[in-house]
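Quick mapping for you: the protein sequence lines, in order, are chains C and F. Here the first sequence stands for residues -16 to 97, where the numbers follow the numbering used here. Here the second sequence stands for residues 2 to 222, where the numbers follow the numbering used here. From the three backbone atoms N, C-alpha and C, an ideal C-beta is built for every residue, glycine too. A quick note: this is a predicted structure, and the numbers were derived from the prediction, not measured.
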Amino acid sequence: MERLKVKMDDPILPPGAAKTATVPVTAKPAGMACEVELFLGPNETTKVVTSGRKPFTSTGSSQNVTCPVTMPTNGGSAYHVYIDVYTGGYKFLVGIATEDVVIPGGSIGPITWG
Amino acid sequence: MPPFSPGEVKTAIAPITAKPSGMSCEAELFLGPDELTKVASSGRVPFVSTGAAKNVNLPITMPAMPATYHGYIDVFAGGMRFLTYILTEDVVIAPAYKVSVSFRRERVCITSRGDECLQYSPYERQGTVTVTNQGAPGQLMTTVQGYTHWAADYQTHKQCELMGLITGGQWTDYFATGQVKTYRLYYIVGSTGMPIDSRFFIKVFDPDGKTIAEVDYILPL
């Protein structure tokens, strides 16, 4: 199943920050018991952090689903953002954000005076 | 770290490792009593992270007020501060002491009519040292030592052998910025008929005892 490109601005977020992604999901037909999971990682098989599966009922049209996720605590990396949507235990929609989440990190010094 | 002078422009070279690479970052160096009070700042200097240590130049004009300041460096990406650093050594802004010195030697009038001097003393002299403080206020010490010296020798060799101390003085005073003080010396010279001049060494010291002015006057006896 090919992942759909999901538009997202390039967010730079602090390590360990609790953030909530609002994901517009269109699931058809209406009335299905669905779940959505957003996770960050270097690839789709490595979940560094995840929102877990968040249940919602499809409306047949675009609906915002919120996915709270705590950012990785290790700074200095960029992570791909994946979104999987399930119904009846089957994954039927997969997406990847067009931009990565960046958790900056690093070090400074020692300085010299010129 | 040696003290800096008020208003001096210095550049801190900060090796900054920012990850991941390719981020648009900004670094700011600032000085202050705490991290909320920026007395002087480099402003935000942009750079792009390489993922490895990269020297970022942070030019800053030192505060005008002599004091000891903490130094802080903040690094931002996407407007978010993600690295903070405090310099392990404080930045000391030392007062900049600067004076100008002049010296005037005058003969002493022993007979006058009104404002007109009819006769000067062949032996008595009066010297006036004028010190003008052009720098920071503070307690400054001025010393003068006056000698006789063999004038012909100086003309020929640009050096001279000091022959004898004829006068000296030492004064310590508080100077406000811009304040001018004059110190007077009264001294006696011998009448030898020889080509002998007088030579005055004048020094001014800052409150730490460091010489901030040193002048050397050669004048006729």
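If residue i sits next to residue j, beta carbons under 8 angstroms apart, how far is it from one beta carbon to the other, in whole angstroms?
{"i": "R126 of chain F", "j": "V190 of chain F", "result": "6 angstroms"}
{"i": "I86 of chain C", "j": "G43 of chain C", "result": "Wrong, their Cβ atoms sit about 36 angstroms apart, outside the cutoff."}
{"i": "L21 of chain C", "j": "V6 of chain C", "result": "6 angstroms"}
{"i": "G89 of chain C", "j": "L30 of chain F", "result": "Not really, about 16 angstroms apart at Cβ, beyond 8 angstroms."}
{"i": "T116 of chain C", "j": "A16 of chain C", "result": "In the structure as shown, chain C starts at -16 and stops at 97, and residue 116 of chain C therefore has no counterpart that could be examined."}
{"i": "M142 of chain F", "j": "W151 of chain F", "result": "Contact flag wrong, Cβ pair sits at about 30 angstroms."}
{"i": "W96 of chain C", "j": "A68 of chain F", "result": "18 angstroms between Cβ atoms; not a contact."}
{"i": "V68 of chain C", "j": "M(-9) of chain C", "result": "Not quite, the Cβ-Cβ distance comes to about 16 angstroms (not below 8 angstroms), so this is no contact."}
{"i": "I66 of chain C", "j": "L88 of chain F", "result": "About 44 angstroms; that fails the 8 angstroms criterion."}
{"i": "I91 of chain C", "j": "A15 of chain F", "result": "6 angstroms"}
Looking at the C-beta of residue i, does it have a partner C-beta in chain C at a distance below 8 angstroms?
{"i": "G8 of chain F", "result": "no"}
{"i": "Y86 of chain F", "result": "yes"}
{"i": "G79 of chain F", "result": "yes"}
{"i": "M24 of chain F", "result": "yes"}
{"i": "P21 of chain F", "result": "yes"}
{"i": "A137 of chain F", "result": "no"}
{"i": "I17 of chain F", "result": "yes"}
{"i": "I14 of chain F", "result": "yes"}
{"i": "V76 of chain F", "result": "yes"}
{"i": "F201 of chain F", "result": "no"}
{"i": "K39 of chain F", "result": "no"}
{"i": "F48 of chain F", "result": "no"}
{"i": "F83 of chain F", "result": "yes"}
{"i": "Y11 of chain F", "result": "First, the residue type needs correcting, since residue 11 of chain F is Lys and not Tyr in the sequence shown. Closer than 8 angstroms to some Cβ of chain C, the Cβ of K11 of chain F qualifies, so yes."}
Should residue i be flagged as near chain F, meaning a C-beta pair shorter than 8 angstroms?
{"i": "G58 of chain C", "result": "yes"}
{"i": "G92 of chain C", "result": "yes"}
{"i": "A61 of chain C", "result": "yes"}
{"i": "I79 of chain C", "result": "no"}
{"i": "G97 of chain C", "result": "yes"}
{"i": "G(-1) of chain C", "result": "no"}
{"i": "P87 of chain C", "result": "yes"}
{"i": "I(-5) of chain C", "result": "yes"}
From what residue to what residue does the beta strand (DSSP E) around residue i run?
{"i": "M81 of chain F", "result": "81 to 87"}
{"i": "F75 of chain C", "result": "73 to 80"}
{"i": "Y184 of chain F", "result": "181 to 189"}
{"i": "N134 of chain F", "result": "117 to 134"}
{"i": "M164 of chain F", "result": "163 to 176"}
{"i": "K39 of chain F", "result": "Careful: K39 of chain F lies outside any beta strand (DSSP E) and carries neither H nor E."}
{"i": "P25 of chain C", "result": "Per DSSP, P25 of chain C belongs to no beta strand (DSSP E) and is neither H nor E."}
{"i": "R200 of chain F", "result": "197 to 206"}
{"i": "M(-9) of chain C", "result": "Counting along the chain, M(-9) of chain C falls outside any beta strand (DSSP E), and DSSP gives it neither H nor E."}
{"i": "M24 of chain F", "result": "Element bounds for M24 of chain F: n/a, residue is neither H nor E."}
{"i": "Y98 of chain F", "result": "Counting along the chain, Y98 of chain F falls outside any beta strand (DSSP E), and DSSP gives it neither H nor E."}
{"i": "D83 of chain C", "result": "Premise fails: D83 of chain C is in no beta strand (DSSP E) and is neither H nor E."}
{"i": "L59 of chain F", "result": "54 to 62"}
{"i": "A4 of chain C", "result": "1 to 9"}
{"i": "F48 of chain F", "result": "46 to 49"}
{"i": "T39 of chain C", "result": "Rather than Thr, the amino acid found at residue 39 of chain C in this sequence is Phe. It spans 37 to 40 - the beta strand (DSSP E) in which F39 of chain C sits, taken as one unbroken run."}
Could you work out which residue in the options is closest to residue i when comparing CA atoms only?
{"i": "A100 of chain C", "options": "C:K(-12), C:T53, C:Q46, C:G24", "result": "An answer regarding residue 100 of chain C cannot be provided, because it is not within the stretch -16 to 97 covered by chain C."}
{"i": "P147 of chain C", "options": "C:I66, C:E18, C:P25", "result": "Not covered by the structure: residue 147 of chain C. The range shown for chain C is -16 to 97."}
{"i": "P51 of chain C", "options": "C:S34, C:P(-6), C:L23", "result": "C:S34"}
{"i": "T40 of chain C", "options": "C:K30, C:D67, C:A10, C:T53", "result": "C:A10"}
{"i": "V49 of chain F", "options": "F:Y124, F:Q140, F:A28", "result": "F:A28"}
{"i": "G80 of chain F", "options": "C:E(-15), C:V(-11), C:P(-6), C:K(-10)", "result": "C:P(-6)"}
{"i": "D35 of chain F", "options": "F:Y124, F:S192, F:Y86, F:Q140", "result": "F:Y86"}
{"i": "A80 of chain C", "options": "C:I91, C:G(-1), C:A61, C:G92", "result": "C:A61"}
{"i": "G169 of chain F", "options": "F:G52, F:G128, F:V109", "result": "F:G128"}
{"i": "V92 of chain F", "options": "F:K55, F:M2, F:K99, F:D207", "result": "F:M2"}
Does the region 174 to 181 of chain F come close enough to the region 132 to 143 of chain F to have 3 or more Cβ pairs within less than 8 angstroms? yes
Across the region 20 to 29 of chain F and the region 110 to 118 of chain F, are there enough close Cβ pairs to call them in contact, namely three or more that are closer than 8 angstroms? no
Should the region 3 to 15 of chain F be called in touch with the region 63 to 82 of chain F, which here means at least 3 C-beta pairs below 8 angstroms? yes
Evaluate the contact criterion for the region 68 to 79 of chain C versus the region 34 to 53 of chain F: three or more CB pairs, one atom per stretch, below 8 angstroms. no
Would you check if the region 71 to 85 of chain F and the region 93 to 107 of chain F touch, i.e. whether three or more CB-CB distances between them fall below 8 angstroms? no
For the region 192 to 201 of chain F against the region 141 to 151 of chain F, are there 3 or more C-beta pairs whose distance is under 8 angstroms? Short answer: they touch.
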